[in-house]
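As they're listed, the protein sequences go chains Y and A. Counting along the first sequence from 1, when you hit position 86 you're at 86 in full-length UniProt numbering, and nothing is skipped either side. Counting along the second sequence from 1, when you hit position 101 you're at 101 in full-length UniProt numbering, and nothing is skipped either side. Worksheet: the structure to be examined is printed underneath.
Protein chains: 2
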Amino acid sequence: MKLDDLKHAQRERLIFLDRCLTWRGMANRKDLIDHFGISTAQAALDFRVYLSLAHSTPPTYDPVRKTYIASIEHEPLAPSGLTEALDILTSDDEDTPPSALPRPERKADRRTIALLHQAIRSGKALHVRYTSMSSGTDEGQWIAPTRFTSDGESVHLRAHSFKHGEYRNYLPIRIDPDSSFEEKPIDKPLPEDVDWNTRAIIWLRPKTGLSDEQAKVVRREFGFEGEWLRVETRKALEFFFDRRWGLDTVGARLERAKTDYEPI
Amino acid sequence: MKLDDLKHAQRERLIFLDRCLTWRGMANRKDLIDHFGISTAQAALDFRVYLSLAHSTPPTYDPVRKTYIASIEHEPLAPSGLTEALDILTSDDEDTPPSALPRPERKADRRTIALLHQAIRSGKALHVRYTSMSSGTDEGQWIAPTRFTSDGESVHLRAHSFKHGEYRNYLPIRIDPDSSFEEKPIDKPLPEDVDWNTRAIIWLRPKTGLSDEQAKVVRREFGFEGEWLRVETRKALEFFFDRRWGLDTVGARLERAKTDYEPI
DNA sequence: TTTAATCGTATAATTTCTAGATGGACATAC
DNA sequence: GTATGTCCATCTAGAAATTATACGATTAAA
């Protein structure tokens with residue numbers, strides 16, 4: 001049996017269970033019961049199924065501690081990073097501040113997003129008024145939205161700008177909600193979005209000037225062994241890279257070695 | 001009927017449906033079927049239930065476009081930010097780079113995390129070797145882990161350091177996986193973690209020097225009307241705040257006005 | 001006109017899950 | 001040492017959720 005053979009609901013439960021075993025190193029029926037509101041019997045069944053799936057490195061029951069303990073060589077069924085597993089490790093109260101730093105979340109207008117989404121779907125151009133920090137609000141322009149992207153901080157809109165004759169990244173929040181949002185079909189095919197369809201392979205190395213020992217720490221911290229750390233993204237998103245990775249700050253511990261481009 | 005009365009599985013489906021209606025402004029049975037692998041009949045039932053829950057601002061079916069369209073005044077059943085809803089708006093291929101910029105994910109050692117978690121649970125002190133960028137690897141020290149936290153970038157460990165006689169934030173990745181991890185009970189009660197139990201209320205305002213128009217954009221972008229934006233966190237996490245919000249960079253558009261502290 | 005894609009409904013069969021009872025192993029308190 | 005509580009496990013009957021299948025309606029496009 002495979003994880004994918006299961007129904008969505010049970011698969012979710014087993015993945016949760018798997019994460020508990022991976023990051024806590026232990027798990028109980030109670031964890032499943034509290035998290036999913038299922039009965040003890042079902043939780044017991046889930047454990048049976050999990051054990052049958054994890055045949056290579058099954059967890060063992062420790063009657064003294066009354067929990068299942070992950071095997072030393074535990075192999076996660078579904079790989080996960082620590083960041084994604086954070087909520088498994090923390091337990092926040094309702095009325096106290098959370099244990100994670102709040103993010104600078106940009107608010108977005110529901111209706112604007114929906115209109116953009118529908119323009120993407122139907123391949124229409126939209127008339128919008130856009131405000132940039134530098135030049136202020138424009139008088140309205142036609143754009144052809146193609147997709148949503150993210151720089152990890154906020155959501156961007158990738159669109160062809162007829163005004164500038166090129167593809168650009170827009171922040172949906174800066175689109176005036178009172179724009180006309182007039183629609184029109186795109187008469188002649190849009191040019192290819194070359195930057196989007198170009199793979200950018202960025203090679204990073206510990207910052208010049210770090211001691212050997214410090215460089216070693218940086219390598220372990222970012223999980224690479226050799227000289228370089230390879231990160232892959234799209235050329236269209238590369239602009240955001242340095243800020244997102246903090247390469248432009250004083251305390252940066254990584255720097256770019258080189259960047260390769262190849263069409264996708 | 002309330003959303004909370006439903007079983008976990010169906011609640012998940014309705015929340016997904018709700019997000020589609022909120023951010024796409026439209027939804028189909030097919031969305032549910034593709035995302036959860038349920039039958040058309042079940043998807044139809046889910047729509048019935050959703051409509052009964054969203055009695056105040058129900059979506060309507062548009063036979064021309066063959067989809068449900070969210071009401072203009074659509075009220076989400078479960079509020080969500082745009083960032084969380086990003087995956088609803090994007091559709092990534094398997095073998096092309098994703099449409100989101102990769103994050104600088106720190107790798108973490110499973111076993112180390114599990115040991116820390118278990119020490120937190122059982123209230124034990126642990127002997128670890130810690131490497132800091134400045135002072136290099138120490139010879140080992142006793143710490144009393146209390147909880148995991150996050151600065152939004154990577155996961156931290158909050159622990160009482162016996163060596164320094166105070167609570168500190170540690171990066172689990174910098175704990176040597178070959179530490180002894182010797183356990184010992186905590187003999188006398190730990191002091192209160194004052195910084196953790198202090199609420200930090202940070203008041204931000206558009207950066208001095210911005211034009212009125214620019215300030216207006218910033219206000220809309222971060223979703224506040226009046227003079228200040230109020231952000232709440234814990235004093236123990238405040239150290240990470242400026243970096244996370246980019247207040248320390250050249251292009252910052254927000255600055256701190258003041259900070260209030262109050263015990264939790 | 002036909003085909004395809006939506007929507008909807010209904011029924012019976014199947015799977016999943018619950019409720020409630022029972023028993024065993026162990027730790028702790030008395 | 002015995003009682004108690006808390007985990008684990010399992011069993012069965014029944015409730016609930018879900019599927020499979022079939023059928024009908026509307027609309028757009030080939």
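Even glycine gets a Cβ: it sits at the ideal position worked out from N, Cα and C.
With 16 or more other Cβ atoms inside 10 Å of its own Cβ, PRO172 (chain Y) counts as buried. Under the Cβ distance rule, PHE162 (chain A) does not count among the residues neighbouring chain Y, no pair being separated by less than 8 angstroms. Remark: C-beta atoms of TRP23 (chain Y) and HIS117 (chain A) approach each other more closely than 8 angstroms. Cβ neighbours of THR198 (chain Y) within its own chain (closer than 8 angstroms, five residues either side excluded): ARG234, LYS235, ALA236, TYR261, GLU262, PRO263, ILE264. Taking 3 residues as the minimum length, the beta strand (DSSP E) runs contained wholly in the segment 32-83 of chain Y are 60-62, 67-69, in order along the chain.
Listed along the chain, the chain Y residues whose CB falls inside 8 angstroms of the CB of GLU221 (chain A) are ARG106, LYS107, LEU171, ILE173, ARG174.
Around the beta carbon of ILE72 (chain Y), fewer than 16 other beta carbons lie within 10 angstroms, which makes this residue exposed.
Under a criterion of Cβ atoms nearer than 9 angstroms, the residues of chain A adjacent to THR22 (chain Y) are, in order, ARG110, ILE113, ALA114. Here the C-alpha atom of ILE186 (chain Y) lies approximately 24 angstroms from the C-alpha atom of ILE69 (chain A). The criterion of a C-beta distance shorter than 8 angstroms is not satisfied by VAL218 (chain A) and ARG243 (chain A).
With a cutoff of 8 angstroms on beta-carbon distance, SER154 (chain A) and ARG110 (chain A) are scored as not near each other. Under the Cβ criterion of 8 angstroms, ALA27 (chain Y) is not counted among the residues facing chain A. The continuous alpha helix (DSSP H) containing ARG111 (chain A) extends over residues 110-122. The criterion of a C-beta distance shorter than 8 angstroms is satisfied by GLY140 (chain Y) and HIS127 (chain Y).
Boundaries of the alpha helix (DSSP H) around ILE15 (chain Y): 8-19. For GLU213 (chain Y), at least one C-beta of chain A is nearer than 8 angstroms to its own C-beta. Per the DSSP secondary-structure output, HIS127 (chain Y) pairs in a beta bridge with Y:TRP142. Residue contact check for GLY226 (chain A) against chain Y: no CB pair falls below 8 angstroms. Taking a beta-carbon distance threshold of 8 angstroms, PRO79 (chain A) does not count as an interface residue toward chain Y. A buried status is given to ASP31 (chain A), since no fewer than 16 other beta-carbon atoms sit within 10 Å of its beta-carbon.
The beta carbon of PRO145 (chain Y) sits closer than 7 angstroms to the beta carbons of LEU116, ALA119, ILE120, LEU126, LEU157, ALA159 from its chain, once the five residues preceding and following it are set aside; these are given in chain order. The residue among A:ASP138, A:GLU12, A:ALA108 with its C-alpha nearest the C-alpha of PRO79 (chain Y) is A:ALA108. Linking GLY37 (chain A) to HIS8 (chain Y) through their CA atoms gives a straight-line distance of about 7 angstroms. Burial is judged here by how many other beta carbons sit within 10 angstroms of a residue's own beta carbon; GLU221 (chain Y) has at least 16 and is buried. TRP203 (chain Y) sits in a strand when the DSSP states are folded into three classes. The residues MET26, in chain order, have a CB closer than 8 angstroms to that of ARG65 (chain A) in the same chain once the five nearest residues on each side in sequence are set aside.
Taking every protein chain shown into account, the CB of PRO104 (chain Y) has 16 or more other CB atoms within 10 angstroms, so this residue is buried. Judged by DSSP in its simplified three-state form, LYS2 (chain Y) adopts coil rather than helix or strand. With fewer than 16 other Cβ atoms from the protein chains shown falling within 10 Å of its own Cβ, HIS55 (chain A) counts as exposed.
Ranking A:ASP178, A:ILE113, A:ILE143 by CA distance to the CA of LYS124 (chain A) puts A:ILE143 first. PHE222 (chain Y) sits in a helix when the DSSP states are folded into three classes. Straight-line spacing of the CA atoms in GLU182 (chain A) and TYR167 (chain A) works out to 20 angstroms. Residue burial is scored here from C-beta neighbours: VAL231 (chain Y) has at least 16 other C-beta atoms within 10 angstroms and is therefore classed as buried.
Residue environment analysis places ASP5 (chain A) among the exposed positions, since fewer than 16 neighbouring C-beta atoms fall within 10 angstroms of its C-beta. Under the DSSP assignment, ARG158 (chain A) falls in the beta strand (DSSP E) whose first and last residues are 155-161. Against chain Y, the CB of LEU3 (chain A) has no partner CB under 8 angstroms away; the residue lies outside that interface.
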